[in-house]
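In numbering that gives the first Met the number 0, the protein residues as written are 0 to 248. We treat Cβ as the ideally placed atom computed from N, Cα and C, and that holds for glycine. Keep in mind that this is a model prediction, so the values were computed, not measured. Here the structure comes first, spelled out in structure tokens, and everything after it is commentary.
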Amino acid sequence: MGLWDDMKVLYEVNFKSIRGNTHAERLDCFYAPQASLYDGFREKFLHGRREMITKLPLEPGAIWIDLGCGTGSNLEYVAEKIPTLKHVYLVDLSASLLEIAKKRIAHHNWTNVSILRDDVSKCLLAEAFADIATFSYSLTMIPDWFQAIALAQRMLKPSGVIGVADFYVARKYPDPGRAKHSRWLKAWWKYFFARDNVMLNEDHLPFLERHFQTEWIEELQRTIPYIPFPKVPYYGYIGKKVGESSSSN
Ligand SMILES: C[S@@+](CC[C@H](N)C(=O)[O-])C[C@H]1O[C@@H](n2cnc3c(N)ncnc32)[C@H](O)[C@@H]1O
């Protein structure tokens, strides 16, 4: 992907207003003009997806639901494992990104991957049927993210695994051992991403930690293309379902 393609995406992201009466309409207003360039550009700044996805226990026969899957690009990180899985469900609301996912499935000739256009904060595919549920850079775009996590938890089998990668900001007083971010850094990145309806949140990581048994966390900061400073905070998280949660913290 060259400079010209990057400029086209940056124009869409920075100068076009997002319009629409529903969440689905707003997502497609944002993504449709850049769908064909999505993978090339996002590969450069949606950090930590490969690290999280390749750490998942994708055992032969497993069922994986990727929630807010976009173009389904996460499957490329583990492409050799896909035919060994029982089924992969790719769920997203954006028709334009799911068109790319459809082409990817056809290209690989994957017969065990299905696409569903739905709102992941409203759809329950079935109770306790999945081994793995993932949200990669989707939680920050889902208004009812807590409901999306609750539904993912219900869809997971007992001791099923959730994997998340996303941008975030730390709480003012983070849990012991968790990263701290200056208030300027938090204010800047919240403002920067909110223009595109990407809502960086202090509570995503603590919420995951309260509702799952944490297996792995990585909190890092890296620059994004064309913005050399400051670095944006992102995390990778893997946790195990441990029965019904009692906390709503
Ligand atoms: C930044 S993209 C990430 C896509 C993909 N997971 C990746 O890593 O490239 C966020 C995705 O979340 C989807 N999304 C946002 N809100 C959603 C919702 N309520 N239900 C389903 N998908 C949603 C968007 O359509 C978009 O595909």
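Between the segment 190–200 and the segment 151–162, the count of Cβ pairs shorter than 8 angstroms is below three; the stretches do not touch.
Here the alpha carbon of Ala61 sits roughly 7 angstroms from the alpha carbon of His86.
Looking at the backbone, the Cα of Lys7 and that of Tyr190 are separated by about 22 angstroms. If you check the C-beta of His22 against ligand 1, you find a heavy atom less than 7 angstroms away. Taking a C-beta distance under 8 angstroms as the contact criterion, Val112 and Val90 do not qualify as a contact pair.
Look at the beta carbons and you see the segment 11–20 not touching the segment 114–134: under three pairs across the two are nearer than 8 angstroms. Relative to Leu92, the option among Leu115, Ala105 and Glu75 whose CA is nearest is Leu115. Under the DSSP assignment, Ser120 falls outside any beta strand (DSSP E); it carries neither an H nor an E label. Per DSSP, the beta bridge partners of Gly235 are Ala164 and Glu217. Residue burial is scored here from C-beta neighbours: Ile226 has fewer than 16 other C-beta atoms within 10 angstroms and is therefore classed as exposed. In terms of CA proximity to Gly1, Leu36 leads the group Ile17, Leu36 and Lys15. DSSP places Asp91 within a strand segment (E or B) once states are collapsed to three. Distances from the CB of Asn73 to the heavy atoms of ligand 1 include at least one below 7 angstroms.
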